[in-house]
Amino acid sequence: LGVHSRDEALSLLSSLELSAEPVASSVPQNLPAPVTSLVGRSKEIAVLRALLRDPAVRLVTLLGPPGIGKTRLSIETAHRLVTEFPDGVFFVALAPLSDPALVGDAILSALDLDASGSTPAAERLRVFLHNKRLLLVLDNFEHLLPAAPLAGELLAAAPGVKVLATSREPLRVYGEREFAVPPLDVVSEAVTLFEVRAQAVRPDFAVNDQNAVTVTAICQKLDGLPLAIELAAARMKLFTPHALLGRLAGRLNFLTGGARDLPERQQTLRAAIAWSYDLLTPDEQRLIARFSVFEGGASLEAFAEICGFGLALDAFDGLESLMGKSLIKQVAGADGEPRFMMLEMLRDYAAEKLTESGEEAAVREAHAWYYLALGTTHAEQVRLPGELDAYIAFKNEYPNIRSAWMVAFQQPDNERLLAAAWAIKHVFGVWSWPREGMAMVTAALKHHRGTGTLTEANLLIGWACYNGTLKHALGDEEIATLNEAVAICQRLDRRDHLPDALINLMGAAWDRGDMTEAERLAEAVWRLGEEFNLRIYIDMGRGNVALLRLNRGDTQGARALLEQTLAEARPHQMPNLTTNLIRNLQFMDLEAGDIERARAWTQELIKIAAETREPVHQIKVHSALADFAFLDGDWAEAYHHSILERAINKRLEQESAAEWVEMALAAAAAMQGNGALARQHLSAALGQTHTFPVDVIHEQLGMGAPFVAFSAGLPEQAVEFAAFGLSYFTTTGYQSLRLRPVLTELEAQLTPEAYAAAWARGEALTVEEALDLARELAAEDTS
Numbered sequence: 059l060g061v062h063s064r065d066e067a068l069s070l071l072s073s074l075e076l077s078a079e080p081v082a083s084s085v086p087q088n089l090p091a092p093v094t095s096l097v098g099r100s101k102e103i104a105v106l107r108a109l110l111r112d113p114a115v116r117l118v119t120l121l122g123p124p125g126i127g128k129t130r131l132s133i134e135t136a137h138r139l140v141t142e143f144p145d146g147v148f149f150v151a152l153a154p155l156s157d158p159a160l161v162g163d164a165i166l167s168a169l170d171l172d173a174s175g176s177t178p179a180a181e182r183l184r185v186f187l188h189n190k191r192l193l194l195v196l197d198n199f200e201h202l203l204p205a206a207p208l209a210g211e212l213l214a215a216a217p218g219v220k221v222l223a224t225s226r227e228p229l230r231v232y233g234e235r236e237f238a239v240p241p242l243d244v245v246s247e248a249v250t251l252f253e254v255r256a257q258a259v260r261p262d263f264a265v266n267d268q269n270a271v272t273v274t275a276i277c278q279k280l281d282g283l284p285l286a287i288e289l290a291a292a293r294m295k296l297f298t299p300h301a302l303l304g305r306l307a308g309r310l311n312f313l314t315g316g317a318r319d320l321p322e323r324q325q326t327l328r329a330a331i332a333w334s335y336d337l338l339t340p341d342e343q344r345l346i347a348r349f350s351v352f353e354g355g356a357s358l359e360a361f362a363e364i365c366g367f368g369l370a371l372d373a374f375d376g377l378e379s380l381m382g383k384s385l386i387k388q389v390a391g392a393d394g395e396p397r398f399m400m401l402e403m404l405r406d407y408a409a410e411k412l413t414e415s416g417e418e419a420a421v422r423e424a425h426a427w428y429y430l431a432l433g434t435t436h437a438e439q440v441r442l443p444g445e446l447d448a449y450i451a452f453k454n455e456y457p458n459i460r461s462a463w464m465v466a467f468q469q470p471d472n473e474r475l476l477a478a479a480w481a482i483k484h485v486f487g488v489w490s491w492p493r494e495g496m497a498m499v500t501a502a503l504k505h506h507r508g509t510g511t512l513t514e515a516n517l518l519i520g521w522a523c524y525n526g527t528l529k530h531a532l533g534d535e536e537i538a539t540l541n542e543a544v545a546i547c548q549r550l551d552r553r554d555h556l557p558d559a560l561i562n563l564m565g566a567a568w569d570r571g572d573m574t575e576a577e578r579l580a581e582a583v584w585r586l587g588e589e590f591n592l593r594i595y596i597d598m599g600r601g602n603v604a605l606l607r608l609n610r611g612d613t614q615g616a617r618a619l620l621e622q623t624l625a626e627a628r629p630h631q632m633p634n635l636t637t638n639l640i641r642n643l644q645f646m647d648l649e650a651g652d653i654e655r656a657r658a659w660t661q662e663l664i665k666i667a668a669e670t671r672e673p674v675h676q677i678k679v680h681s682a683l684a685d686f687a688f689l690d691g692d693w694a695e696a697y698h699h700s701i702l703e704r705a706i707n708k709r710l711e712q713e714s715a716a717e718w719v720e721m722a723l724a725a726a727a728a729m730q731g732n733g734a735l736a737r738q739h740l741s742a743a744l745g746q747t748h749t750f751p752v753d754v755i756h757e758q759l760g761m762g763a764p765f766v767a768f769s770a771g772l773p774e775q776a777v778e779f780a781a782f783g784l785s786y787f788t789t790t791g792y793q794s795l796r797l798r799p800v801l802t803e804l805e806a807q808l809t810p811e812a813y814a815a816a817w818a819r820g821e822a823l824t825v826e827e828a829l830d831l832a833r834e835l836a837a838e839d840t841s
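In this text, residue positions in the sequence shown follow my numbering: the first is 59, and each later residue adds one.
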């Protein structure tokens, strides 16, 4: 029911009669009779009725932006309260007034009292209302706020009177209870309103499986504002939902044609917004226009920096005033800090006003340079302590940073643009947003391809990395692009920009089995890091050199390098690097048979994860604990930690990593005897395997398929999968560790000859043959 507490539930229960028509009564009232049904708002009416029934509440003000439906909500609420005010419920339309001094006369007229005579209206009202139990609905008070003290005077003089007001900003009268009217819930209320209003002009229209997604998108694009939705639905006489959605790009000019008997300000969306805009001071108008440059809202600091120049009004005072007028709202950002937002249709109008003001170029430049600097700062923080904070902040501000980058791309080469290109080439990879990264570098290269600049080199590196990630391998095109970037850096004598290209070329050499070239490139990255004092590249290069030495059998040299790197990383507080090094040292200890030392490393992983509270480190803890559970044959524990690892990957939107864990889940489920669940996980893991490079396919199948085949009573096939998985690698890492228990069982079940023959068949399998066998296994019903 959408309630979250006992009080809310009781309020909702008390309002069940809302489904009926307003109760007929002899109580005097002048409320407008609704000519259409009210869609949604049951919770809001329940809360408002509870407030106005409370003896301690005398004045409630409905607040909200233009088009939110304050007037309609106030009328409906008043209708539901008619029987509770024996002396009447009276609606006072204030919108036609232009002079605050006339508010008293308007109330007199609504009460059917003579407004002429020499006695001031306020005095006559105090006398008349003194002993009355009565509700006044004061509609559209925002442009008459100097008259707000009159409401306070009447409440003080008449203890049985209550006021329900509507306004874009609070009346600021003692005892006022503010009620912010929310947009309609898009999925339910807004879609229903659209359907009902569309049927008024097109009776055969209905929301169904074919158009529901489009209608929901229309309501989302209209911010859930009832006025906008009603105006859009009226256009259904001419358009299909799909065509209507396409027209909403110019929604301010498109959403017109409201009923002629409505006030003029409610006949078009533009008029509704202009009504509020025209009530602002000149400085407030400049602030609201400048605010339109923000994409996805703004922090307090960004608002002051970008919008606050050249005003007589303090920027923070102006922001507070605009919030009070319901034109800007405050929400909690992903980092818990205040964030300020504007409805998109208000933003459209404000953007027009910014263009008309002649300030647009200056404001957009201020916005671009502010967020270029911020984007670079966040990019510099990756792989360092507080990386998660940087990730959250980057994600929070990404729409603004993206907008700033798009502006920068169109500029001639400069230091700011170079900083942006440097950030773009790696930040999306660290945080597993390769599609976003690919989109950004592709857009940037349209302006800088062929320039031969350092900016182009960085963008080319980014393009190759992101395209390789999306393809799960660096192919010939990506390698050629990286080499082109290397040539530009060397020609410009900017060797400090080479490491990112070289580390990726190293990975490509490793993938194709050229370990000599891979080690040469890793050493080059290491040396460049030392030459330019780039800590991250020292450790990346040296760590990869260690792993390559391990690959060619130099266990002692590899361990020495890894331990040296770890010792230097600890005081630099580089948790990502530290946890990666620990995991590699764990594997080395396991390969050497030193199980207890390998286990001991896990305590440091747990300590780092607890100190940083970063999901990326929690993933490594669960992965390590799953490893040892596999080694111990504790399949329930292995499944438990793999489930947690997958959940964190999904929360971080790292879908490829989550798919990787599916193989571990398949193995653990199989060994617990749940063949159906094991095949389900195996099938999920195989879903994207066709896009992986050869080494990843070997590793993936080796981690899961042997267990599923073993539990299904197919020991020889289990050996084949194990052999296939291990055949590609000199060092076997995860596979040898996790496969040890099941391989021991298989050796006991099969004769040495059968085991050796199955192993040989597995080593000889092609990738496609192995994948076909795995798909058959995933589809097989062994129940």
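Note that the Cβ used here is the ideal one computed from N, Cα and C, for glycine as well.
Small disclaimer: the values here were computed from a predicted structure and weren't measured.
Closest Cα partner of residue i within the set the options
i: Gln622; options: Asn634, Gly611 and Leu643; result: Leu643
i: Pro207; options: Leu187, Ala370, Arg230 and Gly376; result: Arg230
i: Ala742; options: Leu710, Leu835, Glu803 and Val752; result: Leu835
i: Val140; options: Leu155, Phe349 and Leu110; result: Leu110
i: Ala329; options: Met403, Ala360, Asp281 and Leu380; result: Met403
i: His630; options: Ile596, Asp647, Ala604 and Asp652; result: Ile596
i: Ala214; options: Glu236, Pro241, Val185 and Glu200; result: Val185
i: Trp718; options: Gly733, Phe688 and Ser681; result: Ser681
i: Arg138; options: Gly210, Val105 and Leu518; result: Val105
i: Ala258; options: Phe352, Leu371, Ala114 and Thr94; result: Thr94
i: Val195; options: Asp612, Arg549, Ala223 and Glu536; result: Ala223
i: Asp692; options: Leu723, Glu455 and Ala667; result: Leu723
i: Phe199; options: Ile519, Pro124, Glu142 and Asn189; result: Pro124
i: Phe367; options: Ile386, Val389, Val674 and Asp341; result: Asp341
Buried versus exposed, by CB contacts within 10 Å (16 or more), residue i
i: Val239; result: buried
i: Gln661; result: exposed
i: Phe398; result: buried
i: Ser156; result: exposed
i: Thr790; result: In this predicted model, Thr790 has a pLDDT of only 46, less than 50, meaning its place in the structure is not dependable; the value taken from the coordinates is given anyway. Label assigned to Thr790: buried.
i: Glu102; result: buried
i: Asp558; result: buried
i: Val249; result: buried
i: His756; result: buried
i: Pro810; result: exposed
i: Ala317; result: Unreliable positioning characterises Ala317 in this predicted model, as indicated by a pLDDT of 47, which lies under 50. A coordinate reading is not provided.
i: Ala832; result: buried
i: Gly745; result: exposed
i: Asn562; result: buried
C-beta atoms of residue i and residue j nearer than 9 Å
i: Leu283; j: Leu401; result: yes
i: Arg99; j: Glu288; result: no
i: Leu797; j: Gly783; result: yes
i: Leu203; j: Ala180; result: no
i: Thr513; j: Leu475; result: yes
i: Ala256; j: Phe263; result: yes
i: Gly895; j: Leu620; result: The shown model of the chain, from 59 to 841, leaves out residue 895, and the question about it has no answer.
i: Leu829; j: Leu759; result: yes
i: Ile346; j: Leu380; result: yes
i: Leu606; j: Ala566; result: no
i: Ala684; j: Ser700; result: yes
i: Arg422; j: Val485; result: no
i: Ile364; j: Arg348; result: yes
Check: residue i C-beta below 8 Å from any heavy atom of the ligand HEM
i: Arg585; result: Only the bare structure without any ligand can be found here, which leaves the ligand HEM out of the picture.
Exercise. Evaluate contact between the stretch 114–128 and the stretch 167–180, counting only Cβ atoms and requiring at least three cross-stretch pairs below 8 Å.
Key: no
Practice problem: Just list the beta strand (DSSP E) runs in the stretch 341–411, keeping only unbroken ones of 3 residues or longer that don't cross its boundaries, in chain order. | Solution: 387–390 and 396–399
Quiz item: What runs of the alpha helix (DSSP H), each 4 residues or longer, lie entirely inside the stretch 119–164?
Solution: Inside the stretch 119–164, DSSP marks whole alpha helix (DSSP H) runs of 4 or more residues at positions 128–138, from first to last along the chain.
Quiz item: For the 8 Å Cβ check, are there 3 or more pairs between the stretch 147–163 and the stretch 427–434?
Solution: no
Quiz item: Mind pulling the alpha helix (DSSP H) runs of 4 or more residues that sit fully within the stretch 543–590?
Solution: 557–569 and 573–589
Quiz item: In the stretch 417–475, which residue ranges form an unbroken alpha helix (DSSP H) of at least 4 residues, counting only runs that do not cross its ends?
Solution: Uninterrupted alpha helix (DSSP H) stretches at least 4 residues long and entirely within the stretch 417–475 occur at 418–438 and 445–467, given in chain order.
Quiz item: Should the stretch 450–461 be regarded as contacting the stretch 371–378, the criterion being three or more beta carbon pairs within less than 8 Å?
Solution: no
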